[in-house]
Amino acid sequence: GENVEQHPSTLSVQEGDSAVIKCTYSDSASNYFPWYKQELGKGPQLIIDIRSNVGEKKDQRIAVTLNKTAKHFSLHITETQPEDSAVYFCAASKGNQFYFGTGTSLTVIP
Amino acid sequence: EAGVAQSPRYKIIEKRQSVAFWCNPISGHATLYWYQQILGQGPKLLIQFQNNGVVDDSQLPKDRFSAERLKGVDSTLKIQPAKLEDSAVYLCASSRSTSGRETQYFGPGTRLLVL
């Protein structure tokens with residue numbers, strides 16, 4: 730099966746700085762890579778996703794990059810704000826099967 | 589559109605008791621997922637339905653867990669009997685497509701504590 734590794738497990742940044750979270754996957758057949766934000770007491774919410782035919786995607790302050798050859802993808806958050814503080818999960822999917830990373834707890838310090 | 593609904597939001601039971609969780613997916617979504625999320629970990633798939641058929645239940649502990657999807661819409665997940673290690677958040681998610689590469693939408697989860 731698929732194995733998704735996520736780093737770092739915790740990340741603290743100053744408000745306004747950038748944050749980068751990295752994930753690797755093992756199954757080259759995976760072709761869809763969503764990122765989720767989970768706030769305390771809530772279910773994960775999709776924030777951005779990328780498909781295997783695209784190398785980069787950006788949505789305002791959030792961007793995701795995908796390197797299919799190296800089988801890794803990254804989430805980039807620029808100009809971080811305190812409300813970005815949450816746990817972020819990456820996932821890799823093939824077909825309808827999703828495999829999640831172990832999460833990154835991001836703290837943005839005002 | 590309304591999101592994925594789950595109930596109850598919290599449940600505390602003693603070990604060896606039974607418990608059931610309910611999920612109502614987004615209207616029109618063909619695929620429904622149940623995940624178990626242990627504190628500090630990512631969601632782990634328990635079972636996946638496509639309409640009212642099971643697509644994947646390979647990680648469902650079938651000796652104690654069961655799930656059904658009524659008429660291809662609502663779903664229930666049951667644990668009988670519960671063990672201490674079942675303490676977790678149980679997340680339900682749904683997606684529109686049956687062909688994959690589609691966004692999953694998650695409910696708020698049910699937090700289960702087994703004492």
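Protein sequences, first through last, are from chains A and B. Be aware that the first sequence starts at 730, since it is given in the numbering used here, and climbs by one per residue. Be aware that the second sequence starts at 589, since it is given in the numbering used here, and climbs by one per residue. The beta-carbon is built from N, C-alpha and C at its ideal position, and this holds for glycine as well.
Report back the beta-carbon spacing between A:Glu768 and A:Cys752 to the nearest angstrom; my notes put them in contact at under 8 Å.
Position 39 of the first sequence, counted from the start, is the residue given in the question as residue 768 of chain A. Position 23 of the first sequence, counted from the start, is the residue given in the question as residue 752 of chain A. That pair is no contact at about 20 Å.
The region 821 to 839 of chain A touching the region 591 to 600 of chain B, judged by at least three CB pairs closer than 8 Å
no
Taking the C-alpha atoms as reference points, what is the distance between A:Gln774 and B:Leu627?
In the first sequence, the residue the question calls residue 774 of chain A occupies position 45. In the second sequence, the residue the question calls residue 627 of chain B occupies position 39. Computed Cα separation, rounded: 17 Å.
Using only alpha-carbon positions, find the residue among A:Gly772, A:Lys797 and A:Gly770 that is nearest to A:Val783.
Locating residue 783 of chain A in the first sequence gives position 54, counting from the first residue. Among A:Gly772, A:Lys797 and A:Gly770, the Cα nearest to that of A:Val783 is on A:Lys797.
Should A:Val837 be labelled buried (16 or more other beta-carbon atoms within 10 Å of its own) or exposed?
Locating residue 837 of chain A in the first sequence gives position 108, counting from the first residue. Buried, because 16 or more other Cβ atoms sit within 10 Å of the Cβ of A:Val837.
Could you spell out where the beta strand (DSSP E) holding B:Lys666 opens and where it closes?
On the second sequence, position 78 is the one that residue 666 of chain B refers to. Segment Ser663 to Ile667, the beta strand (DSSP E) holding B:Lys666.
Below 7 Å between beta carbons is the criterion; list the residues of the region 824 to 835 of chain A that meet it against any residue of chain B, in chain order.
Gly824, Asn825, Gln826, Phe827, Phe829, Gly830, Thr831 and Gly832
Using a 10 Å radius around the Cβ and a threshold of 16 neighbouring Cβ atoms, would you call B:Gln636 buried or exposed?
Walking along the second sequence from the start, residue 636 of chain B turns up at place 48. B:Gln636 comes out buried.
Give me, in chain order, the residues of the same chain whose beta-carbon lies closer than 6 Å to that of B:Ser663; leave out the 5 immediate sequence neighbours on both sides.
Here residue 663 of chain B corresponds to residue number 75 of the second sequence, with the count starting at 1. Taken in chain order, the residues that qualify are Cys611, Leu620 and Arg657.
Within-9 Å CB hit, B:Phe609 to chain A:
Within the second sequence, residue 609 of chain B is the residue found at index 21, counting from 1. Judged by the 9 Å Cβ criterion, B:Phe609 is not in contact with chain A.
How many angstroms separate the CA atom of B:Arg604 from the CA atom of B:Leu648?
In the second sequence, counting from the first residue as 1, residue 604 of chain B sits at position 16. In the second sequence, counting from the first residue as 1, residue 648 of chain B sits at position 60. Answer to the nearest angstrom: the Cα atoms are 18 Å apart.
For chain B, is any of its Cβ atoms less than 9 Å away from the one on A:Phe802?
Counting from 1 along the first sequence, the entry for residue 802 of chain A is found at position 73. A:Phe802 does not count as touching chain B.
Please list the residues of the region 768 to 799 of chain A that have a C-beta atom closer than 8 Å to any C-beta atom in chain B, keeping them in chain order.
Gly770, Lys771, Gly772, Pro773, Gln774, Leu775, Asp778 and Arg780
Along the region 747 to 765 of chain A, where does the CB come closer than 9 Å to a CB of chain B? Name the residues.
Asn760, Tyr761, Pro763 and Tyr765
I'd like to know if B:Phe653 contacts chain A, where contact means its C-beta is closer than 9 Å to some C-beta of that chain.
As a first step, residue 653 of chain B must be located in the second sequence, where it is residue number 65. Chain A, which has no Cβ nearer than 9 Å to the Cβ of B:Phe653, makes this no.
Start and end residues, beta strand (DSSP E) containing A:Ser741:
Here residue 741 of chain A refers to the residue found at position 12 of the first sequence. That run of the beta strand (DSSP E) goes Thr739 to Gln743.
Assuming contact is defined by CB atoms lying nearer than 9 Å, are A:Ser738 and A:Asn760 in contact in what I supplied?
Looking up residue 738 of chain A in the first sequence gives position 9. Looking up residue 760 of chain A in the first sequence gives position 31. Result no, Cβ atoms of A:Ser738 and A:Asn760 do not sit closer than 9 Å.
Sorted by chain position, which residues of the same chain lie with C-beta nearer than 7 Å to A:Phe840's C-beta, five sequence neighbours on each side aside?
The question about residue 840 of chain A has no answer, for chain A in this structure spans 730 to 839.
In terms of alpha-carbon separation, which member of B:His617, B:Tyr623 and B:Ser595 lies closest to B:Asp764?
Residue 764 of chain B is absent from the model: chain B starts at 589 and stops at 703.
Taking Cβ to Cβ, would you say B:Gln625 is nearer than 9 Å to B:Cys680?
Translated into positions along the second sequence, residue 625 of chain B becomes position 37. Translated into positions along the second sequence, residue 680 of chain B becomes position 92. No, these two residues do not count as a Cβ contact at 9 Å.
Taking the beta strand (DSSP E) that B:Ala608 falls in, what are its first and last residues?
The residue given as residue 608 of chain B occupies position 20 in the second sequence. Here the beta strand (DSSP E) through B:Ala608 covers Val607 to Asn612.
Tell whether a beta-carbon distance below 9 Å holds between B:Pro696 and B:Val661.
Taking the second sequence and counting its residues from 1, one reaches residue 696 of chain B at position 108. Taking the second sequence and counting its residues from 1, one reaches residue 661 of chain B at position 73. Cβ atoms of B:Pro696 and B:Val661: not closer than 9 Å.
Could you pull out every residue in the same chain whose Cβ sits closer than 6 Å to the Cβ of A:Lys786, ignoring the five residues on either side in sequence?
The residue labelled residue 786 of chain A in the question sits at position 57 within the first sequence. Excluding positions up to five away in sequence, the list reads Ile779 and Val793.
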